[in-house]
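Student: In my numbering, the protein residues as written are 2 to 259. Glycine included, each C-beta is placed from N, C-alpha and C at the ideal position.
#1: Check the DSSP bridge columns for residue 50 and list the partner residues they point to.
#2: With the cut-off set at 9 Å, would you say residue 1 and residue 47 are in Cβ contact?
#3: Select from 91, 203 and 233 the residue whose C-alpha is nearest the C-alpha of residue 215.
#4: Per DSSP, residue 122 is paired with what?
#5: Over the uninterrupted beta strand (DSSP E) stretch that includes residue 212, give me the two end residues.
#6: Check residue 196 in the structure and name its three-state DSSP category.
#7: Are the CB atoms of residue 92 and residue 120 within a distance shorter than 9 Å?
#8: Secondary structure at residue 225, three-state DSSP: helix, strand or coil?
#9: Whose C-beta lies closer than 6 Å to the C-beta of residue 28 among residues of the same chain, with five residues either side of it excluded?
#10: Residue range of the alpha helix (DSSP H) that residue 277 falls in?
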């Protein structure tokens, strides 16, 4: 159903069963998947690619040009996965020539007033609570949760299954599976509750705890900690994921417990 009070470009592509309510504006070169619902007063600019069975609430602005002074009008997009819910007044900006697109995965929940800047890459099942914002070029792994009023610098990487406490300022990378809080942002344990909800075994949770105890609790230098992990923890996909994340973090990772 498309309201007669909505403004929908004939050059937009709409899937079967799309709903667009009054006073929403859908520009040229927009693709909206089947079953998606657009509430009133939503603005979707050219370059938006929205999946199936999404729901976008009033005041949201999708695929507007980025707030990047280097942007030179290049053709870029915003891509949003199936079943993602975008609440009131969320803003998601198009990419630049760095990544050429901004992406939000499947089954995400972006609560009110969330901002996702240009070239961010958001995984599946991510939750960003109200008033959280990501600066440009950030990466957020699957199942990560950012509580309300979190804010990041550019080029931050948040690992999968991590949990960031409300009001946090994210200036360093957040490794996978951890909880973090305080100022400056500090390791606060592993996200054991979330991991068990997603099917991780007790043995896997203990392995993650053992790895991060060496890295963040024993107060070793990061390089030494990684060497100890390699020597004392048997090889596994989890170990490789954690080590690869930290070794690739050229801007450093969050602080350990003191």
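Tutor: Taking the geometry as given:
#1: BP columns for residue 50 point to 32 and 80.
#2: Residue 1 lies beyond the residue range present for the chain, which begins at 2 and ends at 259; the question has no answer from this structure.
#3: 233
#4: Beta-bridge partners of residue 122 (DSSP): 104 and 140.
#5: Premise fails: residue 212 lies in the alpha helix (DSSP H), 203 to 213, not in any beta strand (DSSP E).
#6: helix
#7: no
#8: helix
#9: 10, 46 and 47
#10: No statement about residue 277 is possible, as the shown extent of the chain runs from 2 to 259 and does not include it.
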